[in-house]
Amino acid sequence: GVALMNGSGPHESLKGEKYARQNGHEEADAGEDGNDQEVIVIQDTGFTVKICAPGIEPFSLQVSPQEMVQEIHQVLMDREDTCHRTCFSLQLDGNVLDNFAELKTIEGLQEGSLLKVVEGKFQPYTVREARIHVRHIRDLLKSLDPSDAFNGVDCNSLSFLSVFTEGDLGDSGRRKKKGTDMEQIDCTPPEHILPGSKERPLCALQPQNRDWKPLQCLKVLTMSGWNPPPGNRKMHGDLMYLYVITVEDRHVSITASTRGFYLNQSTAYNFNPKPANPSFLSHSLVELLNQISPTFKKNFSALQKKRVQRHPFERIATPFQVYSWTAPQAEHAMDCVRAEDAYTSRLGYEEHIPGQTRDWNEELQTTRELPRKNLPERLLRETAIFFLSTCLQVHSDFTAAATRGAMAVIDGNVMAINPSEETKMQMFIWNNIFFSLGFDVRDHYKDFGGDVAAYVAPTNDLNGVRTYNAVDVEGLYTLGTVVVDYRGYRVTAQSIIPGILEREQEQSVIYGSIDFGKTVVSHPKYLELLEKTSRPLKIQKHKVLNDKNEEVELCSSVECKGIIGNDGRHYILDLLRTFPPDLNFLPVEGEEMPEECRKMGFPKQHRHKLCCLRQELVDAFVEHRYLLFMKLAALQLMQQKANKQESSGALENGASPENGAADSEKSESEDGKIDDNVTGLDQVKELAETIASDDGTVDPKSREVIRNACKAVGSISDTSFDIRFNPDIFSPGVRFPESSKEEVQDQKQLLKDAAAFLLSCQIPGLVKDCLDHTVLPMDGATLAEAMHQRGINMRYLGKVINFIAKTPGRAQLDHIFKIGISELITRSAKHIFKTYLQGVELSGLSAAISHFLNCFLSSFPNPIAHLPADELVSKKKNKKRKNRNLGNADNTAWASMTPQELWKNICSEAKNYFDFSLECENADQAAEVYNLQKITLLREISLKTGVQILLKEYNFDSRHKPTFTEEDILNIFPVVKHVNPKASDAFHFFQSGQAKVQQGFLKEGCELINEALNLFNNVYGAMHVEICACLRLLARLNYIMGDYSEALSNQQKAVLMSERVLGIEHPNTIQEYMHLALYCFANSQLSTALNLLYRARYLMLLVFGEDHPEMALLDNNIGLVLHGVMEYDLSLRFLENALAISSKYHGSKSLKVALSHHLVARVYESKAEFRSALQHEKEGYTIYKNQLGEHHEKTKESSEYLKYLTQQAVALQRTMNEIYKNGSNANIMPLK
């Protein structure tokens, strides 16, 4: 049969045999890639130790010399048979091992050593240890319970893969049966997955997992009301008391003491701390409970077996919290540890560092200071970016703490440091993190657009931080920064510069300006540090005037401030204008914009003046200019040479020998055009380098060439290509000295060119890539990503959609147009929702959100908001409460919103912000005019605003009752933006691996990518988006090289990771599901492959709908599998749908369509309907003949198949005639 298609790229047909060169196992030599960085393969030979724990057989464990003793602890706390022990030490020959020692530093530890797990009097409990123990037991009891993932806590997130594979992937499955799975499997998908179905159910998004109905081990485990122990009991070693109700309904009171856990004689109303008889003193709470409750014993061990069977990737915490926008109704069970956490507000993991908050700034900066030389040292450092001494990832901890703090601030649970000021101006410090609200405090942004500017400044600043971190200059530090949007407010969380709180800002700023350019100071050390960043960031060093008219030299925008902390580090902050302004959105009087901009209606007044070009745009623009520079120079050199040959026909003596050589080489390729004239460009390159190194050997004429080319492209140097931007141009309040007048003029021109470049090159480029299907966005987030990669800001969305609407071949861009419109609507709605929420107090949140969603999506004409019941709103308090509410609006104003008004606002927002005219007055019109799905709009708005809704079927189209009630709104989560630390080395390996694969060296590519995977794992831990990409590529290579089971195992990891890190219905996850189905099919696990394909199809319908080019690939694959299991009619439904979609998006003459015709023909042949089969195969043959020519093998194959079909048809006809002539006893020739 035909293998499943895997819609990626031309190297599909590499079948590995040709390329898997039998080169033994030589190291991949990256030198030939021209990377000067040699590949160091880190050899760490692991060894095995024996572990002896109480009550079980000794077992062996593979360890590596780099590990810490701590990591063995973690392994033991996770193993099924030792998981209930937390308070123990490891001993080697009677010596206790230090938890933080690396294994290679421990004397006498070697292959086969015996480590003893020692508890009891050698390792007494403390209050901290007892708490850790209780928390760990609680985590084990809850390990299969998904509520933490639904509630978005502790970096838990959902994964549903195991529901669809039923755990039978690869050989580890429960049902190990060989054979081809051909026994009766029901292949009919649910109705809503079939092509053409209009219903889009929501419940299927989160199917119920069997393992979630957890085995109940206990009814209640909670802290006892008798805590803390009184003094005399403390002196008997009592640490705390627990209260337990077993499943058999036995109520017991337990003492945690330094020696372990035992039953005491207290009751709910009577304190009697004496040990009960028998007291069952046990070192572990589990052992104690096992003795008093048979049900606990049975269920706890069953639960642990199940827990250990799950794939590790279903259990590991993700680096950053992923929130789910839907959740089923969950019963709220009693949970002591959770209740206690809520009130003791544990910050991160407070138990590990009792009584103190973490010094985030110190932790974040230290990770950046580790050595930065060659790979192993750098690796150490990148490892530390994520793994500090406690193996808790600092960045993710900081992000989690900042998020919790920001929510606490908005919910009003944190005291301000300036409580007497008006609410908007308050600032907060919590857990060593500084929080400020996104409002314009003290008219700081008055000239930039007030509150609107104050709202965008934090994200611009975050982009600046990200950029400076990536350039990574030694000695230059940025603050840990997280931006949190929650309940309509934007909060910036920053780590605190040591000593900044004791000083006035005026004294501490020694570089930059605190008042946007009136008073400006500079500092030689900062100039030196920033100079190192100026080349990669394309920032020009420039002079500005301060209020005393003195010239001050800067190497950044003026409001970028430099402060030296008490720790002696040089910090830079306020990086909101790291990149040059975007003149399309910054009208300046007396400045004329280029023709291309004016044609598209620019410059356009924006709401604020902080619009910057994206870094990707700056890079693309400079790249574009560089090519231009090379072409100009090459052209001039050729002209010079032509003149030279005319004048003398021979080399003059004056020319340097080097130039002479280049000249003679040049004349051979005289007739090459500039574009193809590679030698010409090489020559320019050489010349440019020679001039830059200034060795005086270059004749003046060649110098002239380079100078002219430099001038033409706007380079700041006239001897080499170097484009940089001055970020202060057009900045209100900044003045430049007379001396740099000309330079400023050039800079202004450069900025105009860049703005024009975005419109004339980048937007058309994006649309062209969408037409070629090199870019396949499926939802708003992937569209935004595609725009951002090309340096197009989201404020250009309206322009992009307009451009698409005018493109010839517009039908092939339907999917992009549709995503664009839905993104535009939901973004406009989000802007309105933000201000709407600010007027809502906590008690009215769910009512307000459900009312907003009703106005936004429901067909019900006049939804009424339910205000909180009057008896809850006390009349007296209101006067006092007024100032606590951050919004200035009346608290019930939100209730009067109507659908008409909301949609009117959405349309005007779309016009004002995106400059796009929407033609709809309500949700139903929008759905009709633009062919949108309401469920998709619901998903987009929920993801953008952090709303979580109840998982149930919503009726959007009823005109009799509103779609949502307040019970349907379960939660509102923060939307968090943060900086992702990058593992640059690993990324480098990954890219060289990809390059090798594209050249066809699969084996070497595979080795490099494996190496990258190791490095990624070292730096990021097990879960990360980039590891996901790595695993996908590895699986792909395994598949091409014919190692199907390895492909399956790697791809399974990629799917799990994508579900956990990106979300269960993220477009990447859908892609991963499709790849996994392909490898299941190759492993002849047909029913699993079908399940996975059906899941992918369901997700794609929910996220986008049916009319998407990827759907053609998906349906072709479903059709192929169904054909394989002889479900012909069903198969045809999918294949014919794929044919229709391919014809629409690829044009009816494309090879994809030819393939589709062939697949349909094969099914008709299997059904013995030869006429239809012939018809389709002819269509396919015609396309092949026209596209590839008569002699291409594809065309030949098709024509062979046509002959075969014709013979079969004739044979069938003959048989039928026989039957008619001779009655039914004719001997019928079997069809072959």
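Our numbering applies: residue 3 is where the sequence shown begins, and numbers increase by one.
Every residue gets a Cβ at the ideal spot worked out from N, C-alpha and C, and that includes glycine.
1. Smallest Cα separation from residue 590: which of 836, 368, 731, 532?
2. In whole angstroms, give me the CA-to-CA distance for residue 852 and residue 401.
3. For residue 900, collect the residues of the same chain with a Cβ closer than 7 Å to its Cβ; drop the 5 residues on either side in sequence, then sort them by chain order.
4. Tell whether a beta-carbon distance below 8 Å holds between residue 701 and residue 712.
5. Measure the C-alpha to C-alpha separation of residue 463 and residue 456 and round it to an integer number of angstroms.
6. Roughly how many angstroms separate the alpha carbons of residue 1194 and residue 760, rounded to a whole number?
7. In this structure, does DSSP put residue 704 in helix, strand or coil?
8. Examine the Cβ distances between the segment 284-295 and the segment 310-317 and report whether three or more of them are shorter than 8 Å.
9. Per the DSSP calculation, residue 258 is bridged to which residue(s)?
10. Beta-carbon separation of residue 115 and residue 143 under 8 Å?
11. Taking 8 Å as the threshold (C-beta atoms), are residue 1083 and residue 961 in contact?
12. Where does residue 419 land, buried or exposed, given buried means 16+ other C-beta within 10 angstroms?
13. Compare the Cα-Cα distances from residue 791 to each of 807, 768, 782 and report the closest residue.
14. Find the nearest neighbour of residue 714 within the set 848, 751, 423, judged by alpha-carbon distance.
15. I want to know whether the segment 815-833 touches the segment 942-952 - three or more CB-CB distances under 8 Å.
16. If you follow the beta strand (DSSP E) that residue 544 is in, where does it begin and where does it stop?
17. Tell me the DSSP secondary structure of residue 984 in three-state form.
18. Nearest to residue 605 by CA position, among 620, 66, 285, 583, is which residue?
19. The alpha helix (DSSP H) with residue 300 in it runs from where to where?
20. Assuming residue 599 is part of the alpha helix (DSSP H), what are its boundary residues?
21. Comparing alpha-carbon positions, which option in 1154, 745, 369 lies nearest residue 1181?
22. Taking only three categories from DSSP, how would you classify residue 672?
23. Decide yes or no for the touch test of the segment 523-532 against the segment 555-571: beta carbon pairs closer than 8 Å, at least 3 of them.
24. Please report the straight-line C-alpha distance between residue 938 and residue 818, rounded to a whole angstrom.
25. Return yes when the Cβ of residue 367 is within less than 8 Å of the Cβ of residue 571, no when it is not.
26. Per DSSP, residue 572 is paired with what?
27. Would you check if the distance between the CB atom of residue 254 and the CB atom of residue 298 is smaller than 8 Å?
28. To the nearest angstrom, how far is it from the Cα of residue 716 to the Cα of residue 740?
29. Leaving aside the five residues before and after residue 113 along the sequence, list all residues of the same chain whose C-beta is less than 7 Å from its C-beta, in chain order.
30. Using 8 Å for Cβ pairs, my map puts residue 951 next to residue 934. What's the rounded Cβ distance?
31. When the Cα of residue 64 is compared with those of 1004, 75, 563, 52, which residue comes out closest?
32. Work out the CA separation of residue 168 and residue 1224 for me, nearest whole Å.
33. Helix, strand or coil: which one does DSSP assign to residue 101?
34. Count Cβ pairs between the segment 85-94 and the segment 152-159 that sit closer than 8 Å; are there 3 or more?
35. Measuring CB atoms only, is the segment 964-971 touching the segment 1006-1015, in the sense that at least three cross pairs come out at less than 8 Å?
36. Compute the beta-carbon to beta-carbon distance between residue 554 and residue 635, rounded to the nearest angstrom, for a pair I have assumed lies under 8 Å.
In this structure, then:
1. Locating residue 590 in the sequence shown gives position 588, where the first residue counts as 1. Ranking the options by Cα distance to residue 590, first place goes to 731.
2. Start at 1 with the first residue of the sequence shown, and residue 852 comes out as number 850. Start at 1 with the first residue of the sequence shown, and residue 401 comes out as number 399. So the alpha carbons of these two residues sit roughly 29 Å apart.
3. Working through the sequence shown from its first residue, we reach residue 900 at position 898. The beta carbon of residue 900 lies closer than 7 Å to those of 857, 864 in the same chain, with the five residues before and after it left out.
4. On the sequence shown, position 699 is the one that residue 701 refers to. On the sequence shown, position 710 is the one that residue 712 refers to. No, the Cβ-Cβ distance between residue 701 and residue 712 is not below 8 Å.
5. Position 461 of the sequence shown, counting from 1, holds the residue named residue 463. Position 454 of the sequence shown, counting from 1, holds the residue named residue 456. Distance between residue 463 and residue 456, taken at the CA atoms: about 11 Å.
6. Taking the first residue of the sequence shown as 1, we reach residue 1194 at position 1192. Taking the first residue of the sequence shown as 1, we reach residue 760 at position 758. Rounded to whole angstroms, residue 1194 to residue 760 spans 42 Å at the Cα level.
7. Counted from its first residue, the sequence shown places residue 704 at position 702. Note: residue 704 maps to helix in three-state DSSP.
8. Under the Cβ criterion (8 Å, minimum of three pairs), the segment 284-295 does not count as touching the segment 310-317.
9. Locating residue 258 in the sequence shown gives position 256, where the first residue counts as 1. Paired residue(s): 242, 263.
10. To locate residue 115, count along the sequence shown from 1; it is residue 113. To locate residue 143, count along the sequence shown from 1; it is residue 141. The criterion of a C-beta distance shorter than 8 Å is not satisfied by residue 115 and residue 143.
11. Residue numbering aside, residue 961 sits at position 959 when the sequence shown is read from its first letter. Residue numbering aside, residue 1083 sits at position 1081 when the sequence shown is read from its first letter. Taking 8 Å as the Cβ cut-off, residue 961 and residue 1083 do not qualify as a contacting pair.
12. Along the sequence shown, one-based indexing puts residue 419 at 417. Result: exposed.
13. Position 789 of the sequence shown, counted from the first residue, corresponds to residue 791. Selection 807, 768, 782 evaluated against residue 791 yields 768 as nearest (Cα-Cα).
14. By one-based count along the sequence shown, residue 714 stands at place 712. Looking only at 848, 751, 423, the smallest Cα-Cα distance to residue 714 is reached by 751.
15. Three or more Cβ pairs drawn from the segment 815-833 and the segment 942-952 lie within less than 8 Å of each other, which places the two stretches in contact.
16. To locate residue 544, count along the sequence shown from 1; it is residue 542. Boundaries of the beta strand (DSSP E) harbouring residue 544: 544-547, taken from the DSSP string.
17. Counting from 1 along the sequence shown, the entry for residue 984 is found at position 982. DSSP places residue 984 in coil when its eight states are reduced to three.
18. Counting from one through the sequence shown, the residue named residue 605 turns up at place 603. Comparing Cα-Cα distances from residue 605 to each of 620, 66, 285, 583, the minimum goes to 583.
19. The count along the sequence shown starts at 1 and reaches residue 300 at position 298. 296-311 is the extent of the alpha helix (DSSP H) around residue 300.
20. What you label residue 599 is simply residue 597 of the sequence shown in a count that begins at 1. Segment 597-601, the alpha helix (DSSP H) holding residue 599.
21. Locating residue 1181 in the sequence shown gives position 1179, where the first residue counts as 1. Of the candidates 1154, 745, 369, the one whose C-alpha sits nearest the C-alpha of residue 1181 is 1154.
22. For the purposes of this step, residue 672 is taken as the residue at position 670 of the sequence shown. Because residue 672 sits at a pLDDT of 36, beneath the cut-off of 50, its placement in the model cannot be relied upon, and the following sentence gives the value as read from the coordinates. Shown here, residue 672 sits in coil according to DSSP, grouped into three states, outside any helix or strand.
23. Flag = yes, the segment 523-532 and the segment 555-571 touch.
24. To locate residue 938, count along the sequence shown from 1; it is residue 936. To locate residue 818, count along the sequence shown from 1; it is residue 816. Their backbone Cα atoms lie some 14 Å apart in a straight line.
25. The residue given as residue 571 occupies position 569 in the sequence shown. The residue given as residue 367 occupies position 365 in the sequence shown. Their beta carbons are under 8 Å apart, which means residue 571 touches residue 367 by this criterion.
26. As a working note, residue 572 is residue 570 in the sequence shown. According to DSSP, which records beta bridges pairwise, residue 572 is partnered with 478, 566.
27. Looking up residue 254 in the sequence shown gives position 252. Looking up residue 298 in the sequence shown gives position 296. Against a cut-off of 8 Å, the Cβ pair of residue 298 and residue 254 comes out as no contact.
28. Locating residue 716 in the sequence shown gives position 714, counting from the first residue. Locating residue 740 in the sequence shown gives position 738, counting from the first residue. Cα to Cα, the separation comes out at about 20 Å.
29. Working through the sequence shown from its first residue, we reach residue 113 at position 111. Non-local C-beta neighbours of residue 113 in its own chain, meaning closer than 7 Å and more than five positions away in sequence, comprise 49, 50, ordered along the chain.
30. Walking along the sequence shown from the start, residue 951 turns up at place 949. Walking along the sequence shown from the start, residue 934 turns up at place 932. Actually they are not in contact, since the Cβ atoms of residue 951 and residue 934 sit about 18 Å apart, beyond 8 Å.
31. If you number the sequence shown from 1, residue 64 lands on position 62. Out of 1004, 75, 563, 52, 52 has the C-alpha closest to the C-alpha of residue 64.
32. Within the sequence shown, residue 1224 is the residue found at index 1222, counting from 1. Within the sequence shown, residue 168 is the residue found at index 166, counting from 1. Residue 1224 and residue 168 have their alpha carbons spaced roughly 54 Å apart.
33. The residue labelled residue 101 in the question sits at position 99 within the sequence shown. Here residue 101 sits in coil by DSSP.
34. Judged by Cβ distances under 8 Å, the segment 85-94 makes no contact with the segment 152-159, as fewer than three pairs qualify.
35. No, the segment 964-971 does not touch the segment 1006-1015.
36. As a first step, residue 554 must be located in the sequence shown, where it is residue number 552. As a first step, residue 635 must be located in the sequence shown, where it is residue number 633. About 36 Å separates the Cβ atoms of residue 554 and residue 635, ruling out a contact at the 8 Å cut-off.
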